[in-house]
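Going by the numbering used here, the sequence shown opens with residue 1, and the numbers climb by one from there. The C-beta atom is built at its ideal place from N, Cα and C for all residues, glycine as well. In this text, all values refer to a predicted model and were calculated from it rather than measured experimentally.
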Amino acid sequence: MAKAHTADPPFVGRFVFTVDGITIGAFTEVSGLSVQLEVEEFAEGGQNAYTHRLLGRMKWPNLVLKRGITDSDALFAWLAECSGEGLTRKGNKVVPRDGEVSVVDGKGSPVRRWHFTGAKPVKWSGPRFAASSRELAVEELEVCHLGFRTKP
1 MAKAHTADPP
11 FVGRFVFTVD
21 GITIGAFTEV
31 SGLSVQLEVE
41 EFAEGGQNAY
51 THRLLGRMKW
61 PNLVLKRGIT
71 DSDALFAWLA
81 ECSGEGLTRK
91 GNKVVPRDGE
101 VSVVDGKGSP
111 VRRWHFTGAK
121 PVKWSGPRFA
131 ASSRELAVEE
141 LEVCHLGFRT
151 KP
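And the structure:
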């Protein structure tokens, strides 16, 4: 069995999201790092003690990344490329990209990475503005993909 590189688990307060090697940004919350296998039940005639359970397709939920508003345009450049005029300029073809989410330590070095294939931005939500609110201005990006694998 492989030995862990770190004695203590890292602080999970900062994540970096890259697409084709371009840093889209650092995020403070990431959800959707999961996979589920569909299960098909098959009842065999004459076998009453159990039902066969066969594994099927893998299902990957969308990634949802949240962060405070920044002055970087990398996120919008990728989003614009996949929608509106950017999509029209590319002949209405979205090019899926490979991406990576990294949890980083206090020095900014990656501790663990998840490499995604076929990533495409599907939703962006901006902050809710209210003069009486003391909440941070947060933006949210949702990304669909074809699956991931982990990388140390």
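Practice task
With a 10 Å radius around its C-beta and 16 neighbouring C-beta atoms as the bar for buried, classify V143 as buried or exposed.
Solution key: V143 comes out buried.
Exercise for the section: Pick helix, strand or coil for D139, following the three-state DSSP scheme. Expected result: Looking at the sequence provided, one finds Glu at residue 139 rather than Asp. E139: strand per DSSP, three-state reduction.
Practice task
With DSSP collapsed to three states, give me the class of E100.
Solution key: strand
Practice task
Determine, using beta carbons only, whether A74 and I22 come nearer to each other than 8 Å.
Solution key: yes
Exercise for the section: Tell me whether R89 sits in a helix, a strand or coil according to DSSP, three-state version. Expected result: In the structure shown, R89 sits in a helix (DSSP, three-state: H, G or I).
Practice task
Count the C-beta pairs between the segment 76 to 96 and the segment 49 to 67 that are closer than 8 Å, then say yes if the count reaches three, no if not.
Solution key: With fewer than three CB-CB distances shorter than 8 Å, the segment 76 to 96 does not count as touching the segment 49 to 67.
Handout entry: A119 burial status per 10 Å Cβ neighbour count (16 or more: buried)
Key = buried
Exercise for the section: Locate the alpha helix (DSSP H) running through L79, then write down its first and last residues. Expected result: A74 to E81
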